[in-house]
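Worksheet for the structure shown next.
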Amino acid sequence: DGYLARKYSVVSKLGTFLDHGVDKLISLALSFLLYYFYHIPDWAFYFFVIRDFLIIIVGATLFLGFGVAFSSLWLGKIAGAFYYGMVFGYLLNFSIFARFCLIISVILFGIVIIVYPIKYFPVLKETLLKGKGVVSHGL
Numbered sequence: 041d042g043y044l045a046r047k048y049s050v051v052s053k054l055g056t057f058l059d060h061g062v063d064k065l066i067s068l069a070l071s072f073l074l075y076y077f078y079h080i081p082d083w084a085f086y087f088f089v090i091r092d093f094l095i096i097i098v099g100a101t102l103f104l105g106f107g108v109a110f111s112s113l114w115l116g117k118i119a120g121a122f123y124y125g126m127v128f129g130y131l132l133n134f135s136i137f138a139r140f141c142l143i144i145s146v147i148l149f150g151i152v153i154i155v156y157p158i159k160y161f162p163v164l165k166e167t168l169l170k171g172k173g174v175v176s177h178g179l
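Here the working numbering is used: the first residue of the sequence shown is 41, the next is one more, and so on.
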């Protein structure tokens with residue numbers, strides 16, 4: 041887990057890549073389960089699936105092609121907390137809470153999709169120019 045790696049100072053590019061990849065696979069599986077069993081709105085399902093596939097594809101391309109892996113931003117972690125709040129809301133049949141968390145997570149993830157390139161493009165450009173592929177730590 042990324043938390044333990046940071047706590048014990050054993051962060052690596054591979055670990056950062058795998059941590060994000062596994063997180064996205066789990067959220068993809070949860071999105072499919074929520075769509076099938078709890079009938080989350082179509083638009084939300086497609087948003088989460090496209091978002092997770094984009095993160096997996098871009099992350100894999102950067103890591104495998106350039107040796108670059110980025111850590112999460114705090115805003116992404118907060119959006120993820122609302123996503124998991126939505127999951128638990130649906131599982132526990134708290135539909136109002138689940139819908140609230142769904143809307144907030146979509147808004148925050150939408151902001152994150154804009155913030156990531158703004159924050160990391162200069163770092164990526166510098167890293168690729170220097171040929172290092174170092175891990176950049178998020179805020």
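For glycine and all other residues, C-beta sits at the position ideal for the given N, C-alpha and C.
Could you compute how far the alpha carbon of residue i sits from the alpha carbon of residue j?
i    : j    : result
F87  : R46  : 30 Å
L142 : I97  : 24 Å
F128 : D92  : 19 Å
G120 : G105 : 27 Å
I66  : V50  : 23 Å
A109 : Y75  : 30 Å
A84  : F134 : 17 Å
Please state if the CB of residue j and the CB of residue i are separated by a distance shorter than 8 Å.
i    : j    : result
K64  : G107 : no
V152 : G116 : yes
Y130 : Y78  : yes
H60  : I90  : no
L148 : F122 : yes
How would you label residue i, buried or exposed, when you count the other beta carbons within 10 angstroms and need 16 or more for buried?
i    : result
V174 : Note on V174: pLDDT 47, under 50, position unreliable in the model; the coordinate value appears next. Looking at its Cβ environment, which holds fewer than 16 other Cβ atoms inside 10 Å, V174 is exposed.
D82  : exposed
H177 : With a pLDDT of 49 at H177, under the threshold of 50, the predicted position of this residue should be treated as unreliable, and no value is reported.
Y43  : exposed
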